[in-house]
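*Asks:*
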Amino acid sequence: MKRVNFLLLTAWIAVMTASAALAQMKYVAVIETEVDAASGVSADLSAAEVRQITAELRREAVKNLPNGKYNIMTTETVYAQGSAVLEECAEENCVIALGSRIGADYIVRGTVSKFKTWLTLSIEIYETENGNLVASSEPIRSENAAELLMLAAATSADMYKAFVDSRDAVRKPPIKLEPEPEPEPPKPTAPKPNAGLVQEPQAKKRHTTAAVGLDALGAGLFVYGIIEDGNIKKYADNGKYKSRDEYNSAKKSGTNRNIGYILGGAFLLSGISVHIFF
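Once you know that position 195 of the sequence shown is 209 in my numbering, the rest is easy, because the numbers rise by one and skip nothing.
1) Since L235 and G278 are thought to touch, with beta carbons under 8 angstroms apart, how far apart are those beta carbons, to the nearest angstrom?
2) When you compare the segment 78-97 with the segment 41-48, are there three or more beta-carbon pairs, one atom per stretch, that lie closer than 8 angstroms?
3) Roughly how far, in whole angstroms, is the beta-carbon of S53 from the beta-carbon of F177, given that I think they are within contact range, below 8 angstroms?
4) With DSSP run on the structure shown, which of helix, strand or coil describes S151?
5) Using three-state DSSP, classify I286 as helix, strand or coil.
6) Could you give the residue range of the beta strand (DSSP E) that holds A43?
7) Indicate whether R123 and I45 have their beta-carbon atoms separated by less than 8 angstroms.
8) Measure the C-alpha to C-alpha separation of T47 and N158 and round it to an integer number of angstroms.
9) Relative to the C-alpha of N270, which residue among K254, S287, D243 is closest?
10) Under three-state DSSP, which class holds L135?
11) By Cβ distance below 6 angstroms, which residues in the same chain neighbour R72 in space, the five residues on each side in sequence not counted?
12) Quick check on E141: does DSSP put it in helix, strand or coil?
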């Protein structure tokens, strides 16, 4: 029984460690490439060619963004959760609202425009939390769609690598060479006016909260079962009970122990299921 309890506690620690890792994962959504029809580009690119450019940007994101830190959302997820506003995202604030709605930390957007006979593709990455532009590619120019697509792969790869380096630099604490005076407390500032967009809570944060809650509840029930298992041994001496009351108390503790194990296992499995499917 002690070995079983040890294994159960080990499994619980592993689940909690996995929960912390998932909470640090960043979600990246590559939305449909936009076409600046006003510049005349719509006559040069078909819908299939535009989709191919988007697929290339997503493919390079999968190849160049570290798998342990970034999760590239699928096309189906982006459309299923954000299709209501996807077609209206010509403005930056709309892109940010879309990212918040689908639970993405970063939004990747490509835009194709035309000047004379030249097609130009620009690629940008926005941070959903504050709307900052955190990375952008060099403009990609060509007179035909095939060459534009070929150049998009290498250029977007360079942009993703620069983005990862910049994010890693932000997370590293600065090295202090000399003692610095303590900074003055920040002065209160007036709140920024509301832009008029209602941003829903991020879906992944709700899922993570639910999963961790189920993990904690399951672990608590397991601990309760372990305590009740210890109580059973207090009532018997070499397998014998001194009185009918001690026998009844041992049976009751045995029932409570089994309930703790069963419910604890069910809640832990529920928490693991939330982690896996969301």
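No residue lacks a Cβ here, since even glycine has one placed at the ideal position from N, Cα and C. Quick caveat: nothing in here was measured; it's all calculated off a predicted structure.
*Replies:* On the basis of the data shown:
1) Within the sequence shown, residue 235 is the residue found at index 221, counting from 1. Within the sequence shown, residue 278 is the residue found at index 264, counting from 1. L235 to G278, Cβ: 3 angstroms. Contact.
2) yes
3) The count along the sequence shown starts at 1 and reaches residue 53 at position 39. The count along the sequence shown starts at 1 and reaches residue 177 at position 163. With a Cβ gap of about 27 angstroms, S53 and F177 do not count as contacting.
4) Start at 1 with the first residue of the sequence shown, and residue 151 comes out as number 137. Reduced to three states, the DSSP call for S151 is coil.
5) For the purposes of this step, residue 286 is taken as residue 272 along the sequence shown, with counting starting at 1. Residue state, collapsed to three classes: helix.
6) As a first step, residue 43 must be located in the sequence shown, where it is residue number 29. Here the beta strand (DSSP E) through A43 covers 40-44.
7) Locating residue 123 in the sequence shown gives position 109, where the first residue counts as 1. Locating residue 45 in the sequence shown gives position 31, where the first residue counts as 1. For R123 and I45, yes; Cβs fall inside 8 angstroms.
8) Translated into positions along the sequence shown, residue 47 becomes position 33. Translated into positions along the sequence shown, residue 158 becomes position 144. Each residue's alpha carbon lies about 16 angstroms from the other.
9) In the sequence shown, the residue the question calls residue 270 occupies position 256. Here the closest residue by C-alpha is D243.
10) Counting from one through the sequence shown, the residue named residue 135 turns up at place 121. Three-state DSSP puts L135 in a strand.
11) Residue numbering aside, residue 72 sits at position 58 when the sequence shown is read from its first letter. V44, listed in sequence order.
12) Indexing the sequence shown from 1 puts residue 141 at position 127. In the structure shown, E141 sits in a strand (DSSP, three-state: E or B).
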